[in-house]
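Notes follow once the structure below has been shown.
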Amino acid sequence: MGNDIFTLVNILNNNNLIKKVDEEFDAKFSELLEKAEIDEEVSMECSKDTFYAELDGFRNTPDLEKYLESLFLEFKRTAVDTNLVKNKLIQNEISSKIFQVREDLHKLILDTNNERFSNLESLVNIKITYCDKVLDFISNIKNEISRLSGKKSGLHTDLTQKQIVILFHHLHELGYVGKGITNDELAGLISQLTSFSADKIRQDLSLVKKESTGVDSEEFKETDYTILRRYIKRLIESIEKEQKGKFPS
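Residue 57 is where the sequence shown starts when you use my numbering, and the numbers rise one by one after that.
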């Protein structure tokens, strides 16, 4: 399938519609024509499946859905592999194309509304569903990529969630950040900065204070504190270096 992030987008956009008539009905109708017994046509009851459509080679909705789901999984894997989260230009291009595809699909339903296709609307709706899945993925791409890649550090930080919680817990306790705001509000802000789940941060903020006397606990390891101290030391060194450059003695 390759490593093309636009494979699914192109499939959703390629709405090759073929109109079909049930083979059994078509054979019976041809026989009536040959016998010049057209009047008998009136007595023939057409089932709901007499006229149907094939969309992109698919007649049955489950088959199309299975196909699109496989493409969607490949799309997500490619998004991880190509680091799509950092490519706003491609994200916007995908979203723009998918919005247009959705409009075209809705128009296709309207344009064929008077034709007696038994399955077309359900086929088109499946494609619309996958358009929505792509748009939802793009709109929430930071969390989606983080979840798919299994990355322990945040998308916007090299620290893990536990280390971030320890850092902000102490900054909050000392009044350096978040004065007058609750843990819930603080968790929401940290989530926006790091891409970690606000709910999990909120839970850890409640735990870290209780476990502050037992550093090597099940939730917070001594290594978390050690790594965090190392980062803070580097931060201090960076500030001191910049200070010397701006204010030489």
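The beta-carbon is built from N, C-alpha and C at its ideal position, and this holds for glycine as well.
Please check the pair residue i and residue j, which I expect to be a contact at CB under 8 Å, by giving their CB distance rounded to whole angstroms.
i, j, result
"Q219", "I257", "At roughly 12 Å, the Cβ-Cβ gap does not stay under 8 Å, so Q219 and I257 are not in contact."
"E130", "T63", "7 Å"
"V264", "I295", "That belief does not hold up - the Cβ atoms of V264 and I295 are roughly 25 Å apart, past 8 Å."
"Q147", "I74", "About 33 Å separates the two Cβ atoms, so there is no contact after all."
"S262", "S253", "At roughly 14 Å, the Cβ-Cβ gap does not stay under 8 Å, so S262 and S253 are not in contact."
"D112", "N70", "6 Å"
"V141", "I197", "5 Å"
"S178", "T117", "5 Å"
Which of the three DSSP states, helix, strand or coil, is assigned to residue i?
i, result
"I295", "helix"
"T216", "strand"
"I222", "helix"
"F114", "strand"
"I182", "helix"
"I237", "coil"
"I150", "helix"
"I67", "helix"
"I197", "helix"
"I74", "strand"
"E93", "Residue confidence for E93 is low, a pLDDT of 49 falling below 50, so the modelled location carries little weight and cannot support an answer."
State buried or exposed for residue i, treating a residue as buried only when at least 16 other CB atoms are found within 10 Å of its CB.
i, result
"S251", "buried"
"D260", "buried"
"D82", "Bear in mind that the predicted position of D82 carries a pLDDT of just 42, short of 50, making it unreliable; the figure below should be weighed with that in mind. Flag for D82 reads exposed."
"S152", "exposed"
"I201", "buried"
"K192", "Looking at the sequence shown, residue 192 is not Lys but Asp. D192 should be labelled exposed."
"D272", "Per-residue confidence for D272 stands at a pLDDT of 41, beneath the threshold of 50, marking its modelled position as unreliable; the derived number appears in the next sentence. Its Cβ having fewer than 16 others within 10 Å, D272 is exposed."
"D54", "Past the edges of the chain, shown from 57 to 305, lies residue 54, and the structure says nothing about it."
"K297", "exposed"
"L249", "exposed"
"L242", "buried"
"I61", "buried"
"L166", "exposed"
"K289", "exposed"
"L227", "exposed"
"I237", "exposed"
"I292", "exposed"
"F155", "exposed"
"E274", "At E274 the pLDDT is 48, less than 50, meaning the model places this residue with poor confidence; the figure from the coordinates comes in the next sentence. Flag for E274 reads exposed."
"K235", "exposed"
"E300", "According to the sequence shown, residue 300 is Lys rather than Glu. Exposed, by the Cβ-count rule."
"L284", "buried"
"F114", "buried"
Examine chain D for any beta-carbon lying closer than 7 Å to the beta-carbon of residue i, and answer yes or no.
i, result
"I237", "Among the chains of the structure shown, chain D does not appear; only one protein chain is present."
Would the segment 185 to 193 and the segment 153 to 162 be scored as touching if the rule is three or more Cβ pairs under 8 Å?
-> yes
Is the segment 175 to 183 in contact with the segment 112 to 122, if contact means three or more CB pairs nearer than 8 Å?
-> yes
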